[in-house]
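Notes follow the structure.
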Amino acid sequence: MQDGSQTRRDQTESAAPTGAAPDELRAVMANFATGVAVVTTRDTDGTPYGVTVNSFNSVSLDPPLVLWSLGLDAFSYPVFHRAAGFAVNLLADDQQDICRLFASRQERRFDRVAWQAGPLGLPLLDGAVARFSCVFWARYPGGDHEIMVGRVISCTRGPGRPLLYSQGRFGSAAPG
Ligand SMILES: Cc1cc2nc3c(=O)[nH]c(=O)nc-3n(C[C@H](O)[C@H](O)[C@H](O)COP(=O)(O)O)c2cc1C
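Residue numbers for the sequence shown follow our numbering, so the first one is 12 and each next one is one higher.
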């Protein structure tokens, strides 16, 4: 026989180890509005790779560090895992097509965008509102993702307004 407190304790204990369900967490996290970035690198043979992310953020000013996270099941994960560095391109509000391209299964993505090699030789996309060239500083396990931390070697701003992403929709950071 169970009394009420036993039932509550059982519910608490059974809920604690599992935590929020993936779909629930994704739906709730969608309320965190972010910018959108394409993170790029090159494989050992020089082939460029890039992936759309919204997990980018600043970490530290001194030393200058930024982070983002990449799914372990991403096609490009082994390439980023062995790379010496990465570049972050913050997309402008007229670059939704580039956001979708680098979130797709499309091959030869860099044939479809204008880009230049930056100071570390890593792809920097034309038209991005900000671009960072980084060397890897640390990688941390993060469940089904890996947390990538980079030391910013150089960063530049461009014209245009940042692309925003919230609740599965795109928007623009109109001037206030
Ligand atoms: C707006 C947006 C944000 C995304 N953010 C991330 C992210 O932070 N980390 C991640 O691993 N995938 C993220 N994705 C999914 C990847 O872009 C997608 O899985 C991509 O196909 C991975 O490329 P790859 O498998 O060719 O490496 C995001 C997709 C979109 C549309």
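Built from N, CA and C at the ideal position, the CB exists for glycine as well.
Distance check for residue j and residue i, CA to CA, integer angstroms please.
i	j	result
P33	G154	12 Å
I2	L136	Here the chain has residues from 12 to 187 only, and residue 2 is not among them.
S66	N42	14 Å
F113	G30	31 Å
S87	E118	11 Å
P134	P59	7 Å
V146	E35	34 Å
P170	F143	15 Å
L102	S71	22 Å
N100	G57	19 Å
Q178	A94	32 Å
A85	P130	26 Å
D108	P74	34 Å
D104	A149	31 Å
T63	F121	13 Å
R172	P152	33 Å
R168	G182	20 Å
Q106	G61	15 Å
A184	G46	9 Å
Quick check on this structure: which residue in the options has the alpha carbon closest to the alpha carbon of residue i?
i	options	result
V140	R120, L175 and N42	L175
A44	N68, E157, R116 and Y60	N68
G82	F91, L76, P74 and P75	F91
L76	L133, G96 and V39	G96
W79	G161, G182 and G138	G161
R111	G132, R150 and R180	R180
C166	V47, T63, A98 and S115	A98
M159	S183, P89 and M40	P89
T55	G132, H156 and S183	G132
Within the continuous beta strand (DSSP E) that includes residue i, where are the two ends?
i	result
V50	A48 to R53
F181	R180 to S183
S115	Unbroken run through S115: none, as it is neither H nor E.
Can you pull the DSSP bridge partners for residue i?
i	result
S144	A98 and S165
M159	W79 and R150
Q106	DSSP, once it has assigned bridges, lists no residue as partnering Q106.
N68	L78
P130	According to DSSP, which records beta bridges pairwise, P130 is partnered with nothing at all.
Provide the residue span of the alpha helix (DSSP H) that contains residue i, from first to last.
i	result
P33	P33 to M40
P134	Premise fails: P134 lies in the beta strand (DSSP E), P134 to L136, not in any alpha helix (DSSP H).
V90	Y88 to R93
Taking 7 Å as the line, does the beta carbon of residue i fall inside it for any heavy atom of ligand 2?
i	result
G30	This structure does not include ligand 2; its bound ligands are ligand 1.
- Could you tell me whether the stretch 50-58 touches the stretch 122-139, where touching means 3 or more Cβ pairs closer than 8 Å? yes
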